[in-house]
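Numbering-wise, the sequence shown is residues 4 to 146 according to the working numbering.
All C-beta atoms in this analysis are idealised placements derived from N, C-alpha and C, irrespective of residue type, glycine included.
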Amino acid sequence: MLLYARMTNATEILSVVLLIAGVSLMLVVHILVVFWALRRGLGSRGTSHTTTDEERGAGGGGGLSAGELGALPCHDFKQAEAADGAGGGDCAVCLEAFEPGDRCRRLPRCDHSFHAECVDSWLKKSGACPVCRADVVDRPPKG
Numbered sequence: 004m005l006l007y008a009r010m011t012n013a014t015e016i017l018s019v020v021l022l023i024a025g026v027s028l029m030l031v032v033h034i035l036v037v038f039w040a041l042r043r044g045l046g047s048r049g050t051s052h053t054t055t056d057e058e059r060g061a062g063g064g065g066g067l068s069a070g071e072l073g074a075l076p077c078h079d080f081k082q083a084e085a086a087d088g089a090g091g092g093d094c095a096v097c098l099e100a101f102e103p104g105d106r107c108r109r110l111p112r113c114d115h116s117f118h119a120e121c122v123d124s125w126l127k128k129s130g131a132c133p134v135c136r137a138d139v140v141d142r143p144p145k146g
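Next comes the structure, spelled out in structure tokens:
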């Protein structure tokens with residue numbers, strides 16, 4: 004009987020030690036993953052905020068400058084456009100339907116329409132249409 008009691012105590016002690024070790028290991032892995040994700044997210048955000056409009060416009064990131072972006076046509080979406088089928092549909096950036104009164108931007112070269120806020124954030128990073136990849140504005144060749 005005493006031998007059985009000692010085995011149970013040793014088994015219980017081993018079980019508790021392994022449980023504590025396992026929980027500690029999971030906690031350390033969780034903390035490392037969180038730090039990795041935060042560092043990766045902050046690092047990519049930090050580089051985009053430090054790039055100036057001139058650097059982006061000069062081929063630094065390929066996006067449009069504030070002046071080029073402001074020169075693109077912008078309009079308020081109307082219910083009549085949706086009925087005609089000319090400008091109705093969804094914004095390809097956010098995938099939301101156009102609603103009357105939404106501020107929209109139609110790209111001049113390809114006539115694709117988007118919510119102005121959605122496509123502006125895209126065009127700050129890329130000078131191409133999100134749908135067909137056509138250049139949005141004429142740029143002089145590099146060199």
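Based on the DSSP output, what are the partners of residue i in its beta bridges?
| i | result |
| --- | --- |
| residue 113 | In the DSSP output, where bridge partners are listed per residue, residue 113 has none listed. |
| residue 107 | 78, 118 |
| residue 93 | 100 |
| residue 138 | 131 |
How about residue i and residue j: are their beta carbons less than 7 Å apart?
| i | j | result |
| --- | --- | --- |
| residue 135 | residue 117 | no |
| residue 75 | residue 108 | yes |
| residue 71 | residue 140 | yes |
| residue 65 | residue 129 | yes |
| residue 110 | residue 132 | yes |
Any idea if residue i is buried or exposed, counting beta-carbon neighbours within 10 angstroms, 16 or more meaning buried?
| i | result |
| --- | --- |
| residue 114 | exposed |
| residue 67 | buried |
| residue 119 | buried |
| residue 126 | buried |
| residue 34 | exposed |
Could you give the distance in angstroms between the alpha-carbon of residue i and the alpha-carbon of residue j?
| i | j | result |
| --- | --- | --- |
| residue 20 | residue 100 | 57 Å |
| residue 26 | residue 32 | 10 Å |
| residue 12 | residue 30 | 27 Å |
| residue 38 | residue 44 | 10 Å |
| residue 138 | residue 40 | 33 Å |
| residue 103 | residue 97 | 16 Å |
| residue 80 | residue 69 | 23 Å |
| residue 92 | residue 23 | 56 Å |
| residue 42 | residue 28 | 21 Å |
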